[in-house]
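Note sheet for the following structure.
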Amino acid sequence: MEGPVRILGPSVLNRRLLLLHSTPSLSRRTAAVPHPPRILSLSQTPSPRPSIFFPLSLSASHLSTPITSSFNHDSSSYPFTPTSETAHLSWHRAPFPGSGSTPPLWGHRKDCEVTVVLLGWLGAREKHLRRYIEWYNSRGFNAVTFVVGVRELLWFDLGVRVENRIRGLTEELVSWVSGREDDGRERGLLFHSFSNTGWLVYGSFLERLQGRQDLLEKIKGCVVDSGGGDPLNPKVWAAGFSAALLKKQSSSASPATDPKNSQEFEDDVNLMKMQGNEMSMIESTLLSSLEKLFSYVLKLPDVERKLENIVNILLKNQPLCPQLYLYSTADKVVPSQSIELQMEAQRSMGRRVFSFNFRTSPHVDHFRTFPEQYLSVIEGFLKECLVIVKQN
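Residue numbers for the sequence shown, in our numbering: 818 to 1209.
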């Protein structure tokens, strides 16, 4: 059996990265957008596979382990039985619909009960996904959240725990979706991933389902928020880790300012001059160190082979369900051009791809910046996914 490949150990980081001291939080204003973002495309061209990044620990046994679970299909109160591998999964069951429900209950249908799987960005916590959970619950969707902390990849087990958690997630979702509701209805899944981290977790999930067409057909749609581009580019990896480490102090968290509002633009410039010099020097050094690190790591034979396998699945073996890409020209982590290239590649394969460019919002910040527009696009996409559910 091939041993796990340890990638991001403390010793490596100590040699390659600066030890960051605490710095005051940068106060920042979110610029008001005078006009809504325009749709780049919300076309109905077919869509299916993205690409991936994720140097989790690599073990041949992980690829061949059969999907099993102790999940009890008859449990209606709490569908997942917590284990060491699923302890970090959070299940949020939608309230049972009343007779006078106003919003359309897309997740609670006469023919199918749908659960949305929210795959967070690197460093996200469940509290960051709360608004997404509440909105999906209000539309009749059960919600499952899965997040990956920076320390899970950098310290101690060096990614082994994340790999095990993805396996646990897969087993539990397979157990749930393979069963039926008490009233006989089938079950389906909808994935909503954030950044390349969530997108690659989705790819790892699909990797474990290869050869199970019956299960892949139960995936009704996939939303890719701020991800799906340049998965093997060391600069993208470096930008993602830097953003996760620096959090709100990262320049990638800064919204684009509309120069039409001259006073606000001038204030922001002055603010950046006063507070940004020190952080920009730290961030620049960190990015440079991380880029060198990932230029080496991503070329390790086992890592490269693992990533290529997942990329190939995301490109050629995704389920035939609609995909929605939510992105922004102002994204400083995953370049918008790389996401657009990915979308075009999927369309050229006859896949149904939908997209929306928010233009000025930062990485994984589209919902907070444009809440009404974001939910409107999601709702329109759900209609497309439910058409597929009905046809199936």
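Note that beta-carbon positions come from the ideal geometry of N, C-alpha and C, so glycine has one too. Fair warning: this is a prediction, and the values are worked out from it, not measured in the lab.
Would you kindly check if the distance between the Cβ of residue j and the Cβ of residue i is under 9 Å?
i	j	result
residue 1213	residue 979	The structure shown does not extend to residue 1213, since the chain spans only 818 to 1209, so no value can be given for it.
residue 1008	residue 941	no
residue 956	residue 924	yes
residue 1063	residue 1100	yes
residue 986	residue 964	no
residue 1041	residue 1143	yes
residue 1183	residue 1060	no
residue 1032	residue 995	yes
residue 1037	residue 929	yes
residue 1172	residue 1046	no
residue 1055	residue 1104	yes
residue 1127	residue 1021	yes
residue 1168	residue 1131	no
Using DSSP bridges, identify the partner residues of residue i.
i	result
residue 932	959, 1006
residue 1039	1008, 1140
residue 908	961
residue 939	965
Quick check on DSSP: helix, strand or coil for residue i?
i	result
residue 981	helix
residue 925	strand
residue 1183	helix
residue 1178	coil
residue 954	helix
residue 1014	helix
residue 1192	helix
residue 1046	coil
residue 1150	coil
residue 1197	helix
residue 1022	helix
residue 998	coil
Relative to the alpha-carbon of residue i, which residue among the options has its alpha-carbon at the smallest distance?
i	options	result
residue 935	1159, 907, 1055, 1161	907
residue 1112	1050, 1001, 1011	1050
residue 1014	1044, 1003, 1028, 1039	1044
residue 1140	1128, 1108, 1016, 1178	1016
residue 787	1135, 1172, 937	Nothing about residue 787 can be reported from this structure: the residues present for the chain run from 818 to 1209 only.
Could you spell out the range, first to last residue, of the alpha helix (DSSP H) harbouring residue i?
i	result
residue 1162	1153-1165
residue 1053	1051-1063
residue 1031	1030-1033
residue 1118	1118-1133
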